[in-house]
Amino acid sequence: MRREKAAILMGFARNDKEKTSMPTQDEMKQATARAALDHVPAGIIGVGTGSTANFFIDALAGIKGRIDGAVASSVATAERLKRHGIPVLDLNEVGEMAVYVDGADEITRHMAMIKGGGGALTREKIVAACARRFVCIADESKLVDVLGKFPLPVEVIPMARSYVARQLVKLGGNPVLRTGFTTDNGNVILDVHGLNILDPVALETEINQLVGVVTVGLFARRSADIFLMGTRDGVQTLTR
Ligand code: 5RP
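Residue numbers (our numbering): 667 to 906.
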C-alpha cells in the first residue's frame, strides 16, 4: 500500500494490474518528460527528438497555453508539435531561447552526452546552441561512466563517406553506415562502434575538424545543464 502511494507521488501512472510491478522503461521516460514541464518558462522553447522527447511533447500539449511556441529539432518533432496545436517557429526568427529539452543515448555525471540515435543530431546541436539551458530527459539506463558503448553517430556529406570512415578508423573506431537512412539535411550517418571516450571534448573537437563531417553526436562542448533521470524510485535531478 505504501509503495502504491509512493508510485502515485512519483508521478508514475499505474493501472490496477501494474500497481505492484516496477515501472517500465516507458513509464520512467514519461515521468522524466512530465518533470521537465517544471523547467518550461513562458515564451519559446527548443524541443528535441526521440521517444522521450515525444513523451515531453505530449505532456507539453497540456500546458501549451503557457508558451508562445517551439523550435523543433527535426521534421518528426515539428509534425508532432503541430498535431498538438503547438506553434512551430523558425529558429532564424527566434534567436535565443531559455531552454532546450531533449533525450540522450548516453550521458555521464559530467553531463557530456552521445546523441543522434534517431539521426537528428545536427538540428539538435543547432537548437541546443541557441538555448541558455539544456534539460536532458532520459531514463536511468542512459547514465554511464564512460561514453562509447552506444555507437557514436556522425552525420557526413554523402560524397565524403569513405574518406571520413577511413579517418574514424585511424581514431580507433569501427564506423558502420546506417543503411536506408537519410537525415533531414540529406546526409548519411556513420555509427562508430568500439570507442572508449575518455576525453569527450577532445574527441568532439577532433571529429568536428574532419572534412566532410557535418556534425558529431558528442555533446560535450555544449553538455546538458540539468539531467532529469527517470529511475525506478522516481525522477532524480542531476546538475553540473
Ligand atoms: C535523436 C536523439 C535522441 O535524443 C536519442 O536518440 C534518445 O532517444 P530516445 O529518447 O528514443 O531514447 O539524439 O537524434
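Beta carbons: idealized from backbone N, C-alpha and C, even for Gly.
Please name the residue, chosen from the options, that lies closest to residue i on a Cα-to-Cα basis.
i: Met694; options: Arg700, Ala701 and Gly896; result: Gly896
i: His705; options: Arg898, Leu809, Asp865 and Arg799; result: Arg799
i: Asn862; options: Leu876, Gly838, Val767 and Val877; result: Gly838
i: Leu726; options: Ile792, Gly751 and Leu904; result: Gly751
i: Val638; options: Lys781, Glu772 and Arg789; result: The question about residue 638 has no answer, for the chain in this structure spans 667 to 906.
i: Gly716; options: Arg746, Pro707 and Val820; result: Arg746
Could you check what DSSP says for residue i in three-state terms: helix, strand or coil?
i: Asp857; result: strand
i: Glu670; result: Any reading at Glu670 must be qualified, since the residue scores a pLDDT of 37, below 50, and its modelled position is unreliable; the value itself is stated next. In the structure shown, Glu670 sits in a helix (DSSP, three-state: H, G or I).
i: Leu876; result: coil
i: Ala699; result: helix
i: Thr690; result: coil
i: Ala886; result: coil
i: Thr788; result: helix
i: Val867; result: helix
i: Ala794; result: helix
How long is the line joining the alpha carbons of residue i and residue j, rounded to whole angstroms?
i: Val880; j: Gly783; result: 16 Å
i: Val801; j: Phe722; result: 11 Å
i: Met676; j: Ser807; result: Reliability fails at Met676, whose pLDDT of 46 lies under 50, so the model's placement of it is uncertain and the value that follows must be treated cautiously. Approximately 18 Å, taken between the alpha carbons.
i: Ser889; j: Glu872; result: 17 Å
i: Val659; j: Ala795; result: Because residue 659 is not part of the residues shown, which for the chain are 667 to 906, the question remains open.
i: His776; j: Gly709; result: 29 Å
Name the DSSP beta bridge partners of residue i, please?
i: Cys802; result: Asp768 and Phe893
i: Thr881; result: Glu821
i: Gly900; result: Thr897
i: Thr905; result: Ile892
Checklist entry - Which runs of the beta strand (DSSP E), 3 residues or longer, sit entirely within the stretch 707–762? => result 709–713 and 733–738
Checklist entry - Which ranges does the alpha helix (DSSP H) cover as unbroken runs of at least 4 residues, wholly within the stretch 813–856, from first to last along the chain? => result Whole alpha helix (DSSP H) segments, 4+ residues: 827–836.
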